[in-house]
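Asks: Can you keep this structure in mind? I'll have questions shortly.
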Amino acid sequence: MTGEIIPIIIGMGVVTYIPRWLPLFFLTRRRLPSWLIDWLDFIPAAILSALILPALVTTGEPRHLVWARPDLWVAIPTLIFALRTRSLAGTVVIGMALYWLVTHFH
Amino acid sequence: MVSDFFDASEDWGKAVREGLSAAWPICLGYIAIGLAFGVIARKMGLHPLEIGLMSLVVYAGSSQFIAAAMLGAGAGFLPVVLTTFSVNLRHLLMSSSLSLYLKNLSGSRLSLFAYGVTDESFALNMSRFQAGNWGWRSALVVNHATNLTWFISTVAGGIGGQFIPAGAFGIDYALTAMFICLLVFQIRGIYHALVALFSGVVAVILSLMIPGNSYILITAFLAASAGLCIRKTGLQKNRPEGGR
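Going down the list, the protein sequences come from chains B and C. First residue of the first sequence: 367, per the working numbering; consecutive thereafter. First residue of the second sequence: 76, per the working numbering; consecutive thereafter.
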């Protein structure tokens, strides 16, 4: 792995950029049907949930279920705080503080 | 070209202030993950300059971790690039969703915006766009402030990351907490709640069955489609008798 790394990085950049660019470039230039707008409106909730939940309850490679991780138990008060206050900054600070407390004194 | 791009400077001043005050949770998280990536990539044999180049050219955290591990194991061009492609394909859905709020933007601006679409910037910008009073300039500032943080943190990690204590101040949890709150913002009614619930459960099941992270793309696709079906049938049920 010496002179080969630069072309690999450029190749990685190209294949990463294309899926980011294609929909922005083409979908913004069209009038979208209403069902597609509705569908796209569900995407953020779907993606966020798909990102969060497996990260909280699974670990390892290959992945397996784990219920006893601080990530999951800290998520519950963090979620309640977010629901009550709807404050992004507050939620991030509370989540970090709780996680720090749990991982340090557990 | 430059003057065409950076129009009315007072708009940009406001955008920089708004963007930076929104982006800090992402930046905190990127500092933690970026330092960790730098340390690992260095261990896998990447030079800090190569680490910096990768963070600038690719700018996608999880794929960079995987690529560093593969490169460390001696993998070549095609395996690394194809893996990167499959790991980052999920951005297709995010850019599609963002396109609803970026109409009437010139091609060069869209192309610059596309570069900064990540899980984190997407989630944050999307919630701001939906709330209204969020311009593409502010969103672009979020994208690039976080990108700069990622670049600096990964290079710093590559140079001297092993001296930084891991897990300081719960910083490892910044992005998780942010995602939790942004998900709360997305639950704007019963259909969104059902989509999120469905998506979470399916994602856990699929993540246990399929290696890699393709489960995110598959799950989000399925969950949004399921939401569309539920909303359609729900609306028909609620339609008044005999109404057309």
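For each residue, glycine too, the CB sits at the ideal point set by N, CA and C.
(1) By the three-class DSSP mapping on this structure, what secondary structure does T444(B) have?
(2) What does the Cβ neighbour count give for M76(C), buried or exposed, with the cut at 16 atoms within 10 Å?
(3) Could you check what DSSP says for L164(C) in three-state terms: helix, strand or coil?
(4) Going by DSSP, name the residue or residues bridged to H430(B).
(5) Put W209(C) into one of helix, strand or coil per three-state DSSP.
(6) Whose C-beta lies closer than 8 angstroms to the C-beta of L272(C) among residues of the same chain, with five residues either side of it excluded?
(7) Quick one: which residues of the segment 265-282 of chain C get their C-beta closer than 7 angstroms to a C-beta of chain E? List them in chain order.
(8) Assess, as a yes-or-no matter, whether the segment 250-258 of chain C is touched by the segment 196-213 of chain C under the definition of 3 or more beta carbon pairs within less than 8 angstroms.
(9) For W439(B), decide whether its Cβ has a neighbour in chain C, counting only Cβ atoms nearer than 8 angstroms.
(10) Work out the CA separation of H430(B) and Y383(B) for me, nearest whole Å.
(11) Measuring CA to CA, which of I305(C), A301(C), H267(C), N222(C) is closest to I108(C)?
(12) Measure from the alpha carbon of R117(C) to the alpha carbon of each residue in L173(C), R184(C), G235(C), T158(C), then state which is nearest.
(13) Skipping 5 residues on each side, what residues in its chain have a beta carbon closer than 8 angstroms to that of L292(C)?
(14) Do we get a CB-CB distance below 8 angstroms when we pair A299(C) with the residues of chain B?
(15) Answer with buried or exposed for I126(C), where buried requires no fewer than 16 other C-beta atoms within 10 angstroms of its C-beta.
(16) Of the choices T425(B), I442(B), L390(B), D404(B), whose alpha-carbon is the least far from that of P286(C)?
(17) Distance, Cα to Cα, S196(C) vs R212(C)?
(18) Quick check: the Cα distance between V230(C) and G456(B), rounded to an integer number of angstroms?
(19) Do L414(B) and P443(B) count as a contact pair if the criterion is CB distance below 8 angstroms?
(20) Can you look up V91(C) in the DSSP assignment and give me helix, strand or coil?
(21) If you compare alpha carbons, which of F112(C), P154(C), G151(C) is closest to Q139(C)?
(22) Check Y134(C) in the structure and name its three-state DSSP category.
(23) Within 8 angstroms (strictly less), CB to CB, does G416(B) reach chain C?
(24) Is there at least one Cβ from chain B nearer than 8 angstroms to N208(C)'s Cβ?
(25) Quick check on S228(C) - is its C-beta less than 8 angstroms from some C-beta in chain B?
(26) Considering only the alpha carbon of each residue, which of G147(C), H219(C), S171(C) lies closest to L95(C)?
(27) Under DSSP, the alpha helix (DSSP H) around S274(C) begins and ends at which residues?
(28) Using three-state DSSP, classify C304(C) as helix, strand or coil.
(29) Run through DSSP, which three-state label would G379(B) get?
(30) Do the segment 391-408 of chain B and the segment 167-184 of chain C meet, that is, are 3 or more Cβ pairs less than 8 angstroms apart?
(31) Under 8 angstroms between the Cβ atoms of I141(C) and V114(C)?
Replies: In this structure, then:
(1) helix
(2) Below a pLDDT of 50, predicted positions are generally treated as unreliable, and M76(C), at 46, falls in that range; the measurement from the model is reported next regardless. With fewer than 16 other Cβ atoms within 10 Å, it is exposed.
(3) coil
(4) T425(B)
(5) coil
(6) none
(7) Chain labels in this structure do not include chain E; the protein chains are B and C.
(8) yes
(9) no
(10) 31 angstroms
(11) N222(C)
(12) G235(C)
(13) L164, R165, L167, L168
(14) yes
(15) buried
(16) T425(B)
(17) 13 angstroms
(18) 29 angstroms
(19) no
(20) helix
(21) F112(C)
(22) coil
(23) Residue identity check: residue 416(B) is Ala in the sequence provided, not Gly. It does; some Cβ of chain C falls within 8 angstroms.
(24) no
(25) no
(26) H219(C)
(27) 265-284
(28) helix
(29) helix
(30) yes
(31) no
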